[in-house]
Amino acid sequence: MMKKQWYQPLITLGIVIIVLEVLSIVSSVGYFLITDFKLTKKSLAFYQNITKNYQLSLENKIKENELLKQQIAQQEQIVANLNSNLNSLAENVTQIVKLENLDEELLKKYSKVYFLNENYVPKSLTKIDSKYVDNAKDQYILTNVWPFLSALLSQAQKDGVDLKIRWAYRSFLEQYQLKTADVMTFGTGANKFTADQGYSEHQLGTTVDFTTSEFNGNSAKFAQTKAYRWLLENAYKYGFILSYPQNNKYYVFEPWHWRFVGIKLATKLHQENKYFYDLDQREIDQYLISIFDW
Ligand SMILES: [Zn+2]
């Protein structure tokens, strides 16, 4: 028989206490772990939420920015439009002022039924340098046309072409006297070479009758001269055109008679092989604004 030890129960009690202690620790740790996990999860959600909010407000800011950019672009467009309107308005005003100072008769087509008023006088006349004139009388040209005519005559001289002015500006009275004299000399046939159309152009002050030493006086023979050939090739560069070319429908051929219409219109006519009197008056009128432009 084994003798029961007196401390046996104590040991058992100690073991129980230890077991309980272990259980307590395990449960504490478990509780702590579970709580901690929950907390972590919670804070994670919290942080996720914050991040999401930030993302949202960032997106909103970007959208606002885009909207502002669009608004700025719109405002800039409005300002640009206003500026361009202002510019075209200023341009129109300049055009109007320019047109107001231009004599609209300068580019009018004259005919046997439409010619200049007998009281018409050019705004300003300039005496043509006498070295270019072959006439006992002084000859005058519209002041604004003189630079063009002078450049033409000087270039002809440089090119070795003898080109002089026989007639330039003629007043209504002078024309009347000339015509009367011609009628007296040549009878009714005079109507063929000093008739109404050419006369109106001379009264304008923009038209000249050229002459050259190769022949004497104004006749169709002028068409056979070097001077005429030079004019056909070069006169348009100085704004001059042949008013009454060969076989025109309106008037007799006048190879010596050249009218200033401005470089732009003269060049167009030269390039398109057209004649002034074939164009519509409305089309011609568009060139008035640039008539004195180089
Ligand atoms: Zn003439």
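Here the sequence shown stands for residues 4 to 297, numbered as in the numbering used here.
Beta carbons: idealized from backbone N, C-alpha and C, even for Gly.
Computed from a predicted structure; not experimentally measured.
Rounded to whole angstroms, what's the CA-CA distance from residue i to residue j? Just pull it up for me.
i	j	result
N56	A48	12 Å
S87	Q80	10 Å
Y10	G17	11 Å
N52	L13	57 Å
W170	E108	20 Å
L61	S46	22 Å
D288	L282	10 Å
F40	Q73	49 Å
W297	K101	15 Å
G190	Y179	Interpretation of G190 is limited by its pLDDT of 48, a score under 50 that renders its predicted location unreliable; the figure taken from the coordinates is listed afterwards. Looking at the two C-alpha atoms, the distance is approximately 15 Å.
T214	H260	10 Å
L54	E67	According to the sequence as given, residue 54 is Thr; it is not Leu. The alpha-carbon atoms of T54 and E67 are separated by roughly 20 Å.
D165	A230	6 Å
G242	L152	9 Å
Y117	N138	29 Å
L92	I99	10 Å
A154	E121	31 Å
L181	E236	31 Å
A254	L272	Looking at the sequence shown, residue 254 is not Ala but Tyr. C-alpha separation (whole angstroms): 18 Å.
I75	L85	15 Å
Y202	R173	8 Å
F225	R232	9 Å
Judging by CA-CA distance, which residue of the options is the nearest neighbour of residue i?
i	options	result
D162	A238, N52, F279	A238
A159	I99, G208, L234	L234
T209	T54, E257, P150	P150
Q249	A269, Y280, F263	Y280
N147	L166, S216, L207	L207
R262	Q274, V32, Y50, K240	K240
P258	I266, A269, L245, K252	L245
T228	K267, H205, K167, S174	K167
N251	L145, K267, K271, N276	N276
I131	D141, Y290, Y123	D141
E177	Y143, L156, T270	Y143
Helix, strand or coil for residue i? Go by DSSP, reduced to three states.
i	result
T169	Reading off the sequence shown, one finds Arg at residue 169, where the question assumed Thr. Strand.
P12	helix
T214	strand
L245	strand
V136	strand
E121	coil
Q289	coil
T270	helix
I294	coil
T43	helix
L105	coil
N237	helix
S27	helix
T38	helix
D281	helix
N88	helix
Y50	helix
S203	helix
N276	coil
T228	coil
Y57	helix
N68	helix
K161	helix
To which residues does DSSP link residue i through a beta bridge?
i	result
Y143	K130
W259	Answer is none; W259 lacks a bridge partner.
With a threshold of 9 Å between beta carbons, is residue i in contact with chain B?
i	result
N95	Looking at the structure shown, chain B is missing, and only one protein chain is on hand.
Give a single yes or no on whether residue i has its beta carbon closer than 8 Å to a heavy atom of ligand 2.
i	result
T215	No copy of ligand 2 occurs in the structure displayed; its ligands are ligand 1 alone.
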